[in-house]
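Novice: Numbering (our numbering), first residue to last: 19 to 242.
Glycine is no exception: its CB is placed at the ideal position from the N, C-alpha and C atoms.
1. Assuming contact is defined by CB atoms lying nearer than 8 Å, are residue 194 and residue 163 in contact in what I supplied?
2. Please report the straight-line C-alpha distance between residue 3 and residue 205, rounded to a whole angstrom.
3. Where in the stretch 160-203 do unbroken runs of the beta strand (DSSP E), each at least 3 residues long, occur, reported from the N-terminal end onward?
4. Note down, in chain order, each residue of its chain lying with its Cβ closer than 8 Å to the Cβ of residue 74, except the 5 sequence neighbours on either side.
5. Round the Cβ separation of residue 128 and residue 106 to the nearest angstrom and send it over; I've been treating them as touching at under 8 Å.
6. Where residue 100 and residue 197 are concerned, what is the direct C-alpha to C-alpha distance, given to the nearest angstrom?
7. Using the Cβ count rule (16 or more neighbours within 10 Å means buried), how would you classify residue 68?
8. Using CA atoms only, rank isn't needed, just tell me which of 147, 51, 155 and 161 is closest to residue 171.
9. For residue 180 and residue 158, which I take to be in contact (beta-carbon distance under 8 Å), what is that distance rounded to the nearest angstrom?
10. Which whole runs of the beta strand (DSSP E) in the stretch 83-157 are 3 residues long or more, in chain order?
11. Give the DSSP-derived three-state secondary structure of residue 205 in the structure shown.
12. Hey, how far is the Cα of residue 25 from the Cα of residue 33?
13. Taking the CB atoms as reference points, tell me whether residue 104 and residue 53 lie closer together than 8 Å.
14. Is it right to say residue 37 is buried, meaning 16 or more other beta carbons lie within 10 angstroms of its own, or is it exposed?
15. Work out the CA separation of residue 135 and residue 202 for me, nearest whole Å.
16. Report the rounded CA-to-CA distance for residue 90 versus residue 30, giving the unit in angstroms.
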């Protein structure tokens, strides 16, 4: 009421009282506004909240095998994009690298301001997080590890996740992931159908939304 709210008023007052702008900048540095949550978007736009059960079931319902690999990747992306927001953002499917000679199933920008993905970004090259989706009837093995490790670089990041259906011998594959980390070829963890259920249950209960203890536990197996 006293000063007005037009852009011209803001310009004139900033020029007259430059210390106000300095105070504003200092405040913004100290009090970072968190990204809008899914619930915030619902309240503001009236859009529907994520249907976690349906997103998960759409992944689980895809038959295993090469013929349904596209549907599996597509449904995994929909679930993960909702599940990992706002920590991982800007999903890109089939990201080309090396002039198109290689592709990454799903690439996320690491935008985390706290929790597991923020911690990973502070201590390891994880500007981007790479996802490879394997709709296999059998366990992933060394070729799948070599594939995702070949997508890593100092500029892109060196952390990735392999998503698959199930394991007959999960400890063996975890040892292979640890070998890859020890050989300085990057940090790879794996998520199967059962792990997705754990993540969705935690999200529905509004627990672990930032810490992602499941991811942290799996990452610790690579380095501890």
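Specialist: The structure says:
1. yes
2. Residue 3 falls outside the range modelled here, since the chain spans only 19 to 242, and no answer is possible.
3. 177-182
4. 97, 214, 215 and 218
5. 6 Å
6. 31 Å
7. buried
8. 147
9. 6 Å
10. 106-115, 120-128 and 146-152
11. strand
12. 12 Å
13. yes
14. So residue 37 counts as exposed.
15. 20 Å
16. Rounded to whole angstroms, the gap between the alpha carbons of residue 90 and residue 30 is 56 Å.
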